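Residue numbers for the sequence shown, in this note's numbering: 94 to 305.
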Amino acid sequence: MQKPVRATIRVVRRDCEVTKKLYELGLRPKAMRVKPGPEKSVHIVTLEEEPSEEHLRELGARKIGERTIVVASRSCTACRLLSQLDVYVVGDRPLDAERIDYDVIAPDRGRLKSAVLMLASAGLQPKLLASEELKAVGLTPRQLEFLLMAYREGFFCVDRKTTLTEIANKLGVKPGSLEDVVRRALKKVVEYYLINEGVIPSGSSDVLDGCA
């Protein structure tokens, strides 16, 4: 059975408004987290130095920390495409105004390969820098795909931004089937957390599990 994969992909994109503006203003991003979307993307950026009020106005950004800002902008080619592929961005590191490394999770190697090919066809010159199978939690590719989709669509937000029915429609599955897969996936994640935090001893989940 194929396993979920974590990978790092480097791309070259020249139309990221946020990164270009940062470098024009002489600001250097130390870390960046992007929520890619088909039209707009949200960037959480930690800078090497504290931005001025003028910097914030120029970027259309707001501060959420001493050197951390949030800014939304029109999606660049890479973010627009990544929001539509079967891979999920979990981190990113801009190298300069054009190059960026995306850390992604794919349900399996087949979909990772497909994503790289799609990025190449869009002229983004992707390079697969690293990839490894995820084994610890024991999620199946299907469980990981559905769980990440629910997370990305805002299902777990306090002010829930979507429903399982809406997510099921996007995935082309029945809501009942999606609910079952997500429940089983969450159970594995919770068990993994409880064991690693020492709340329950390893190997005792079958005894303590209320479903057993």
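We treat Cβ as the ideally placed atom computed from N, Cα and C, and that holds for glycine. Just so you know, these numbers come straight off a predicted model, no measurement behind them.
* To do: Determine the closest residue to THR139 out of LYS133, PRO129, GLU146 and LEU120, with distance taken between C-alpha atoms.
  => Looking up residue 139 in the sequence shown gives position 46. Closest by alpha carbon: LEU120.
* alpha helix (DSSP H) segments (min. 4 residues) lying fully within the region 109 to 159 -> Listed in chain order, they are 110 to 117 and 146 to 152.
* To do: Taking ASP54 as the reference, give the member of LEU279, LEU115, LEU271 and TYR286 with the closest Cα.
  => Lying outside 94 to 305, the shown extent of the chain, residue 54 is not represented and no answer is given.
* Asked: Just curious, the beta strand (DSSP E) that PRO187 is in, first and last residue?
  -> Along the sequence shown, read from residue 1 onward, the residue named residue 187 stands at position 94. First-last of the beta strand (DSSP E) with PRO187: 181 to 187.
* **Separation of VAL182 from LEU175, as counted between CA atoms** => Residue numbering aside, residue 175 sits at position 82 when the sequence shown is read from its first letter. Residue numbering aside, residue 182 sits at position 89 when the sequence shown is read from its first letter. The alpha-carbon atoms of LEU175 and VAL182 are separated by roughly 8 Å.
* Can you list, in chain order, the residues of its chain whose CB lies under 7 Å from that of SER297, leaving out five sequence neighbours each side? -> Here residue 297 refers to the residue found at position 204 of the sequence shown. Caution is warranted here: a pLDDT of 49 is assigned to SER297, below 50, making its placement in the model unreliable, and the coordinate value is therefore given only provisionally. Same-chain partners within the cutoff: there are none.
* Would you call the region 132 to 152 and the region 224 to 242 in contact, with 3 or more CB pairs under 8 Å? -> At 8 Å Cβ cutoff, the stretches do not touch.
* Tell whether a beta-carbon distance below 8 Å holds between ILE198 and ARG99. => Taking the first residue of the sequence shown as 1, we reach residue 198 at position 105. Taking the first residue of the sequence shown as 1, we reach residue 99 at position 6. It is a contact, given that the beta carbons lie within the stated cut-off.
* Asked: With contact counted as at least three CB pairs below 8 Å, one residue from each stretch, are the region 258 to 277 and the region 214 to 221 in contact?
  -> With the cut-off at 8 Å, the region 258 to 277 and the region 214 to 221 do not touch.
* How should PHE249 be labelled, buried or exposed, when 16 other C-beta atoms within 10 angstroms of its C-beta is the threshold for buried? -> For the purposes of this step, residue 249 is identified with residue 156 of the sequence shown, where counting begins at 1. Exposed: under 16 other Cβ atoms inside 10 Å.
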